[in-house]
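Report on the structure given below.
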Amino acid sequence: MTCQCKCKCQNQPVVEPPQTNKREKVLWTLGSVMTVALWGALYSQLASFSEWVVSLLSLDPASHFGEAATFFFYDTPKVLMLLTLVVFVMGVIRSFFSPERTRKLLAGKHEGLGNIAAATLGIVTPFCSCSAVPLFIGFVSAGVPLGVTFSFLIAAPMVNEIALGLLFGLVGWKIAVIYLIFGLGVAIVAGWVIGRLHLEGWLEDWVRNVRTDGAIPSSRQTTMIERMKEGALAVRDIVGRVWLWVIAGIAVGAFIHGYAPAELLSSIMGSGAWWSVPASVVLGIPMYANAAGIIPVVEALLGKGAALGTVLSFMMAVTALSLPEAIILRKVLSLRLIVVYFGIVACGILSVGYVFNAFYMQ
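Take the position in the sequence shown, starting the count at 1, then add 20; the result is the number in my numbering.
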(Lines of atoms letter the chains of each structure in order from A and count residues from 1; the text may use other names and numbers.)
(Lines give C-alpha, C1' and ligand atoms only; values in the text may rest on other atoms or scores of the structure.)
Protein backbone atom coordinates (compact mmCIF):
# COMPACT_ATOMS: atom_id res chain seq x y z
CA MET A 1 0.00 0.00 0.00
CA THR A 2 2.77 2.42 0.92
CA CYS A 3 4.66 1.74 -2.27
CA GLN A 4 1.55 2.20 -4.40
CA CYS A 5 0.74 5.44 -2.65
CA LYS A 6 4.22 6.75 -3.29
CA CYS A 7 4.03 5.87 -6.97
CA LYS A 8 0.62 7.47 -7.24
CA CYS A 9 1.80 10.61 -5.48
CA GLN A 10 4.86 10.83 -7.63
CA ASN A 11 2.72 10.65 -10.76
CA GLN A 12 0.32 13.36 -9.58
CA PRO A 13 0.43 16.46 -11.84
CA VAL A 14 1.95 19.47 -10.17
CA VAL A 15 -0.16 22.59 -10.27
CA GLU A 16 2.68 25.14 -10.33
CA PRO A 17 4.38 24.33 -13.67
CA PRO A 18 1.27 25.03 -15.80
CA GLN A 19 1.00 28.46 -14.14
CA THR A 20 4.67 29.06 -14.82
CA ASN A 21 4.31 27.93 -18.46
CA LYS A 22 1.30 30.18 -18.97
CA ARG A 23 3.16 33.15 -17.52
CA GLU A 24 6.17 32.34 -19.68
CA LYS A 25 3.96 32.15 -22.78
CA VAL A 26 2.49 35.59 -22.06
CA LEU A 27 5.95 37.08 -21.46
CA TRP A 28 7.35 35.60 -24.68
CA THR A 29 4.33 36.80 -26.70
CA LEU A 30 4.46 40.34 -25.32
CA GLY A 31 8.23 40.44 -25.65
CA SER A 32 8.06 39.31 -29.27
CA VAL A 33 5.45 41.92 -30.20
CA MET A 34 7.42 44.70 -28.51
CA THR A 35 10.68 43.56 -30.09
CA VAL A 36 9.18 43.54 -33.60
CA ALA A 37 7.70 47.00 -33.06
CA LEU A 38 11.04 48.34 -31.79
CA TRP A 39 12.86 46.66 -34.69
CA GLY A 40 10.57 48.36 -37.23
CA ALA A 41 10.89 51.77 -35.57
CA LEU A 42 14.70 51.59 -35.50
CA TYR A 43 14.94 50.23 -39.04
CA SER A 44 12.91 53.13 -40.44
CA GLN A 45 15.40 55.64 -38.97
CA LEU A 46 18.66 54.12 -40.25
CA ALA A 47 19.15 56.63 -43.08
CA SER A 48 18.72 59.54 -40.68
CA PHE A 49 21.05 57.86 -38.20
CA SER A 50 23.86 57.47 -40.74
CA GLU A 51 23.52 61.09 -41.86
CA TRP A 52 23.56 62.25 -38.22
CA VAL A 53 26.74 60.26 -37.46
CA VAL A 54 28.51 61.66 -40.55
CA SER A 55 27.54 65.22 -39.59
CA LEU A 56 28.62 64.57 -35.99
CA LEU A 57 32.05 63.58 -37.29
CA SER A 58 32.17 66.79 -39.37
CA LEU A 59 32.63 64.86 -42.62
CA ASP A 60 31.72 66.12 -46.06
CA PRO A 61 29.04 63.71 -47.35
CA ALA A 62 30.15 64.40 -50.94
CA SER A 63 33.79 63.44 -50.29
CA HIS A 64 35.13 59.95 -50.87
CA PHE A 65 35.57 59.34 -47.15
CA GLY A 66 32.15 60.86 -46.42
CA GLU A 67 30.46 58.52 -48.93
CA ALA A 68 32.28 55.54 -47.48
CA ALA A 69 31.35 56.55 -43.91
CA THR A 70 27.69 57.08 -44.84
CA PHE A 71 27.59 53.64 -46.46
CA PHE A 72 29.25 52.03 -43.42
CA PHE A 73 27.07 53.65 -40.74
CA TYR A 74 23.92 52.91 -42.74
CA ASP A 75 24.67 49.33 -43.76
CA THR A 76 26.18 48.10 -40.48
CA PRO A 77 23.01 48.39 -38.37
CA LYS A 78 20.85 47.55 -41.39
CA VAL A 79 22.60 44.27 -42.16
CA LEU A 80 22.90 43.26 -38.51
CA MET A 81 19.21 43.95 -37.90
CA LEU A 82 18.18 42.04 -41.02
CA LEU A 83 20.51 39.23 -40.06
CA THR A 84 19.05 39.01 -36.55
CA LEU A 85 15.47 38.94 -37.83
CA VAL A 86 16.14 36.37 -40.56
CA VAL A 87 18.15 34.09 -38.26
CA PHE A 88 15.46 34.19 -35.57
CA VAL A 89 12.62 33.38 -37.98
CA MET A 90 14.59 30.62 -39.68
CA GLY A 91 15.70 29.28 -36.28
CA VAL A 92 12.03 28.76 -35.47
CA ILE A 93 11.42 27.13 -38.86
CA ARG A 94 14.51 24.94 -38.45
CA SER A 95 13.03 23.47 -35.28
CA PHE A 96 10.64 21.60 -37.59
CA PHE A 97 13.55 20.21 -39.66
CA SER A 98 16.07 18.40 -37.49
CA PRO A 99 19.00 16.62 -39.20
CA GLU A 100 17.39 13.29 -38.29
CA ARG A 101 14.12 14.27 -39.92
CA THR A 102 15.97 15.56 -42.98
CA ARG A 103 17.77 12.24 -43.36
CA LYS A 104 14.45 10.38 -43.17
CA LEU A 105 12.94 12.65 -45.82
CA LEU A 106 15.85 12.12 -48.20
CA ALA A 107 16.56 8.43 -47.55
CA GLY A 108 15.39 6.23 -50.41
CA LYS A 109 14.82 9.15 -52.79
CA HIS A 110 15.89 8.49 -56.36
CA GLU A 111 17.80 10.82 -58.65
CA GLY A 112 15.91 13.71 -60.15
CA LEU A 113 13.12 14.09 -57.61
CA GLY A 114 15.59 13.42 -54.82
CA ASN A 115 17.92 16.15 -56.08
CA ILE A 116 15.06 18.65 -56.15
CA ALA A 117 13.93 17.68 -52.64
CA ALA A 118 17.47 17.81 -51.26
CA ALA A 119 18.25 21.21 -52.78
CA THR A 120 14.95 22.62 -51.49
CA LEU A 121 15.57 21.25 -47.99
CA GLY A 122 19.02 22.82 -48.11
CA ILE A 123 17.41 26.26 -47.88
CA VAL A 124 15.81 25.71 -44.47
CA THR A 125 17.89 23.05 -42.74
CA PRO A 126 20.87 23.76 -40.47
CA PHE A 127 24.14 23.53 -42.35
CA CYS A 128 27.52 25.19 -42.16
CA SER A 129 31.09 24.10 -42.86
CA CYS A 130 31.55 22.87 -39.29
CA SER A 131 28.56 20.50 -39.64
CA ALA A 132 29.45 19.29 -43.14
CA VAL A 133 31.19 16.13 -41.98
CA PRO A 134 28.55 14.71 -39.58
CA LEU A 135 25.68 15.59 -41.93
CA PHE A 136 27.43 14.05 -44.92
CA ILE A 137 28.12 10.85 -42.96
CA GLY A 138 24.55 10.83 -41.68
CA PHE A 139 23.08 11.15 -45.16
CA VAL A 140 25.31 8.48 -46.68
CA SER A 141 24.74 6.05 -43.80
CA ALA A 142 20.98 6.61 -44.01
CA GLY A 143 20.95 5.42 -47.61
CA VAL A 144 20.69 8.82 -49.29
CA PRO A 145 22.19 8.57 -52.81
CA LEU A 146 25.49 10.38 -53.28
CA GLY A 147 24.17 12.76 -55.94
CA VAL A 148 21.18 13.68 -53.79
CA THR A 149 23.50 14.34 -50.86
CA PHE A 150 25.64 16.65 -52.99
CA SER A 151 22.56 18.64 -54.06
CA PHE A 152 21.96 19.31 -50.37
CA LEU A 153 25.63 20.01 -49.78
CA ILE A 154 25.68 22.65 -52.55
CA ALA A 155 22.35 24.33 -51.83
CA ALA A 156 22.61 24.66 -48.05
CA PRO A 157 25.52 27.14 -47.86
CA MET A 158 24.85 28.85 -51.20
CA VAL A 159 21.06 29.30 -51.24
CA ASN A 160 20.48 29.60 -47.51
CA GLU A 161 17.85 31.69 -45.81
CA ILE A 162 20.35 34.31 -44.63
CA ALA A 163 21.57 34.98 -48.18
CA LEU A 164 18.03 35.27 -49.53
CA GLY A 165 16.82 37.45 -46.67
CA LEU A 166 19.72 39.87 -46.94
CA LEU A 167 19.57 40.00 -50.74
CA PHE A 168 15.88 40.82 -50.49
CA GLY A 169 16.50 43.56 -47.93
CA LEU A 170 19.56 45.11 -49.59
CA VAL A 171 19.24 44.75 -53.36
CA GLY A 172 15.57 43.91 -53.92
CA TRP A 173 13.28 40.93 -54.37
CA LYS A 174 14.00 40.44 -58.08
CA ILE A 175 17.69 39.69 -57.56
CA ALA A 176 16.85 37.55 -54.52
CA VAL A 177 14.40 35.45 -56.58
CA ILE A 178 16.88 35.21 -59.47
CA TYR A 179 19.59 34.05 -57.09
CA LEU A 180 17.22 31.50 -55.54
CA ILE A 181 16.16 30.01 -58.89
CA PHE A 182 19.62 29.75 -60.41
CA GLY A 183 21.26 28.69 -57.14
CA LEU A 184 18.80 25.82 -56.82
CA GLY A 185 19.37 25.03 -60.50
CA VAL A 186 23.12 24.71 -59.96
CA ALA A 187 22.60 22.49 -56.88
CA ILE A 188 20.06 20.22 -58.59
CA VAL A 189 21.95 19.80 -61.88
CA ALA A 190 25.38 19.41 -60.25
CA GLY A 191 24.05 16.80 -57.81
CA TRP A 192 22.32 14.93 -60.62
CA VAL A 193 25.51 14.87 -62.71
CA ILE A 194 27.58 13.61 -59.77
CA GLY A 195 24.96 10.92 -59.15
CA ARG A 196 25.07 9.77 -62.76
CA LEU A 197 28.85 9.41 -62.55
CA HIS A 198 28.44 6.77 -59.79
CA LEU A 199 31.41 7.94 -57.71
CA GLU A 200 30.49 6.16 -54.46
CA GLY A 201 33.79 4.32 -54.67
CA TRP A 202 35.61 7.64 -54.27
CA LEU A 203 34.30 8.14 -50.74
CA GLU A 204 36.75 7.42 -47.96
CA ASP A 205 36.54 3.77 -46.89
CA TRP A 206 35.50 4.47 -43.31
CA VAL A 207 32.53 6.58 -44.46
CA ARG A 208 31.09 3.73 -46.53
CA ASN A 209 31.36 1.43 -43.52
CA VAL A 210 29.38 3.69 -41.20
CA ARG A 211 25.92 2.46 -40.27
CA THR A 212 23.12 4.28 -38.57
CA ASP A 213 22.75 3.63 -34.87
CA GLY A 214 18.98 3.24 -35.10
CA ALA A 215 18.29 5.93 -32.54
CA ILE A 216 14.61 6.71 -32.18
CA PRO A 217 13.87 10.43 -32.09
CA SER A 218 11.79 11.74 -29.25
CA SER A 219 8.05 11.85 -29.89
CA ARG A 220 7.48 14.67 -27.43
CA GLN A 221 5.55 17.57 -28.93
CA THR A 222 7.61 20.74 -29.17
CA THR A 223 5.81 23.86 -27.98
CA MET A 224 5.88 27.21 -29.77
CA ILE A 225 7.74 28.76 -26.85
CA GLU A 226 10.46 26.13 -27.24
CA ARG A 227 10.65 26.89 -30.96
CA MET A 228 10.99 30.62 -30.22
CA LYS A 229 13.77 29.77 -27.78
CA GLU A 230 15.45 27.85 -30.61
CA GLY A 231 15.22 31.01 -32.70
CA ALA A 232 16.78 33.07 -29.91
CA LEU A 233 19.56 30.51 -29.48
CA ALA A 234 20.18 30.61 -33.24
CA VAL A 235 20.56 34.40 -33.06
CA ARG A 236 23.02 34.14 -30.19
CA ASP A 237 24.97 31.39 -31.94
CA ILE A 238 25.02 32.57 -35.57
CA VAL A 239 25.02 36.34 -35.13
CA GLY A 240 27.52 35.96 -32.29
CA ARG A 241 29.87 34.08 -34.62
CA VAL A 242 29.51 36.15 -37.79
CA TRP A 243 28.97 39.74 -36.69
CA LEU A 244 32.68 40.55 -36.96
CA TRP A 245 32.79 39.12 -40.49
CA VAL A 246 29.69 41.14 -41.35
CA ILE A 247 31.32 44.37 -40.24
CA ALA A 248 34.48 43.44 -42.15
CA GLY A 249 32.42 42.83 -45.28
CA ILE A 250 30.60 46.14 -44.86
CA ALA A 251 33.94 47.92 -44.41
CA VAL A 252 35.13 46.45 -47.72
CA GLY A 253 31.84 47.46 -49.33
CA ALA A 254 32.15 50.97 -47.90
CA PHE A 255 35.66 51.31 -49.33
CA ILE A 256 34.44 50.17 -52.74
CA HIS A 257 31.46 52.51 -52.54
CA GLY A 258 33.54 55.54 -51.58
CA TYR A 259 36.83 55.08 -53.39
CA ALA A 260 36.60 52.56 -56.24
CA PRO A 261 36.00 54.38 -59.54
CA ALA A 262 32.86 53.23 -61.27
CA GLU A 263 34.63 53.18 -64.62
CA LEU A 264 37.36 50.86 -63.31
CA LEU A 265 34.92 48.37 -61.82
CA SER A 266 32.77 48.43 -64.93
CA SER A 267 35.80 47.63 -67.07
CA ILE A 268 36.91 44.79 -64.77
CA MET A 269 33.57 43.27 -63.74
CA GLY A 270 31.32 44.62 -66.46
CA SER A 271 29.45 42.43 -68.91
CA GLY A 272 31.84 43.46 -71.69
CA ALA A 273 34.82 41.72 -70.07
CA TRP A 274 34.44 38.03 -71.03
CA TRP A 275 37.08 36.94 -68.54
CA SER A 276 35.41 38.66 -65.57
CA VAL A 277 33.17 35.68 -64.73
CA PRO A 278 35.93 33.01 -64.44
CA ALA A 279 38.16 35.56 -62.70
CA SER A 280 35.44 36.24 -60.11
CA VAL A 281 35.01 32.50 -59.47
CA VAL A 282 38.77 31.95 -59.07
CA LEU A 283 38.93 34.97 -56.76
CA GLY A 284 36.01 33.73 -54.65
CA ILE A 285 37.22 30.16 -54.01
CA PRO A 286 40.08 30.93 -51.58
CA MET A 287 37.99 33.47 -49.66
CA TYR A 288 36.37 32.49 -46.37
CA ALA A 289 33.16 34.43 -45.90
CA ASN A 290 29.55 33.65 -45.15
CA ALA A 291 26.61 35.08 -47.05
CA ALA A 292 26.05 37.80 -44.46
CA GLY A 293 29.62 39.04 -44.85
CA ILE A 294 29.77 38.95 -48.64
CA ILE A 295 26.39 40.53 -49.49
CA PRO A 296 27.45 44.09 -48.51
CA VAL A 297 30.34 43.70 -50.95
CA VAL A 298 27.86 42.51 -53.59
CA GLU A 299 25.68 45.55 -52.93
CA ALA A 300 28.62 47.90 -53.34
CA LEU A 301 29.84 46.20 -56.55
CA LEU A 302 26.39 46.41 -58.13
CA GLY A 303 26.15 50.06 -57.15
CA LYS A 304 29.42 50.74 -58.98
CA GLY A 305 28.26 49.20 -62.23
CA ALA A 306 29.59 45.66 -61.95
CA ALA A 307 27.66 43.14 -64.06
CA LEU A 308 24.99 41.17 -62.19
CA GLY A 309 26.14 37.81 -63.55
CA THR A 310 29.75 38.42 -62.55
CA VAL A 311 28.78 39.52 -59.05
CA LEU A 312 26.42 36.56 -58.52
CA SER A 313 29.15 34.18 -59.73
CA PHE A 314 31.54 35.73 -57.23
CA MET A 315 29.04 35.32 -54.39
CA MET A 316 28.22 31.72 -55.32
CA ALA A 317 31.92 30.82 -55.48
CA VAL A 318 32.60 32.34 -52.06
CA THR A 319 29.69 30.55 -50.37
CA ALA A 320 29.64 27.20 -52.21
CA LEU A 321 33.29 26.60 -53.15
CA SER A 322 35.26 27.92 -50.21
CA LEU A 323 38.69 26.41 -49.59
CA PRO A 324 38.02 25.86 -45.84
CA GLU A 325 34.97 23.76 -46.71
CA ALA A 326 37.10 21.64 -49.05
CA ILE A 327 39.62 21.06 -46.26
CA ILE A 328 36.87 19.90 -43.90
CA LEU A 329 35.25 17.67 -46.51
CA ARG A 330 38.61 16.04 -47.17
CA LYS A 331 37.89 13.98 -44.05
CA VAL A 332 35.12 12.12 -45.87
CA LEU A 333 35.81 12.62 -49.59
CA SER A 334 38.78 11.53 -51.63
CA LEU A 335 40.78 14.24 -53.35
CA ARG A 336 39.48 13.06 -56.73
CA LEU A 337 35.86 13.45 -55.60
CA ILE A 338 36.52 16.94 -54.21
CA VAL A 339 38.06 17.99 -57.55
CA VAL A 340 35.04 16.62 -59.44
CA TYR A 341 32.66 18.33 -57.01
CA PHE A 342 34.41 21.69 -57.36
CA GLY A 343 34.70 21.33 -61.14
CA ILE A 344 31.02 20.55 -61.73
CA VAL A 345 29.77 23.28 -59.39
CA ALA A 346 32.20 25.80 -60.91
CA CYS A 347 30.85 25.01 -64.39
CA GLY A 348 27.32 25.67 -63.14
CA ILE A 349 28.34 28.96 -61.55
CA LEU A 350 30.14 30.05 -64.74
CA SER A 351 27.00 29.28 -66.74
CA VAL A 352 24.91 31.44 -64.41
CA GLY A 353 27.36 34.32 -64.76
CA TYR A 354 27.50 34.22 -68.55
CA VAL A 355 23.73 33.82 -68.94
CA PHE A 356 23.04 36.88 -66.81
CA ASN A 357 25.72 38.99 -68.42
CA ALA A 358 24.27 38.11 -71.81
CA PHE A 359 20.59 38.75 -71.06
CA TYR A 360 20.55 41.18 -68.15
CA MET A 361 21.74 44.72 -68.77
CA GLN A 362 21.85 47.19 -65.93
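From the three backbone atoms N, C-alpha and C, an ideal C-beta is built for every residue, glycine too.
- Put simply, the backbone Cα of serine 78 is about 17 Å away from that of glycine 278.
- Look at leucine 79 here: in three-state DSSP terms it is coil, with no helix or strand label.
- Leaving aside the five residues that flank isoleucine 369 on each side, the residues in its chain whose CB is nearer than 8 Å to its CB run, in chain order, Val206, Val301, Ser333, Met336, Ala337, Ala340, Leu341.
- Residue pairing by DSSP puts leucine 223 in a beta bridge opposite Leu353.
- In this structure, the straight-line span from the alpha carbon of glycine 86 to that of tyrosine 94 is close to 12 Å.
- Comparing alpha-carbon positions, the option among Leu264, Phe379, Ile364 lying closest to leucine 217 turns out to be Ile364.
- Pairing leucine 200 with alanine 175 gives a Cβ-Cβ distance that is not under 8 Å.
- Cβ atoms of proline 165 and glycine 134 come within 8 Å of each other, at about 6 Å.
- Assignment of isoleucine 347 by DSSP, reduced to helix, strand and coil, places it in the helix class.
- Straight through space, the alpha carbons of phenylalanine 116 and threonine 140 are spaced by roughly 15 Å.
- Of the candidates Lys98, Glu224, Ala346, the residue whose Cα lies closest to the Cα of glutamate 319 is Lys98.
- Apart from sequence neighbours up to five positions away, the residues of its chain that approach glycine 304 with a beta-carbon distance below 6 Å are Phe334, Ala337, Val338, ordered along the chain.
- Nearest to glycine 329 by alpha-carbon distance, out of Ala293, Glu44, Val372, is Val372.
- Less than 8 Å separates the beta-carbon of valine 297 from that of asparagine 377.
- Residue state for glutamate 246 is assigned as helix, using DSSP reduced to three classes.
- Taking valine 73 as the centre and dropping the five residues before and after it, the same chain places the C-beta of Phe93 closer than 6 Å to its C-beta, in chain order.
- With contacts defined by Cβ atoms closer than 8 Å, alanine 327 and methionine 289 form a contacting pair.
- Excluding five sequence positions before and after glutamate 44, the CB atoms of its chain that fall closer than 7 Å to its own CB belong to Ile245, given in chain order.
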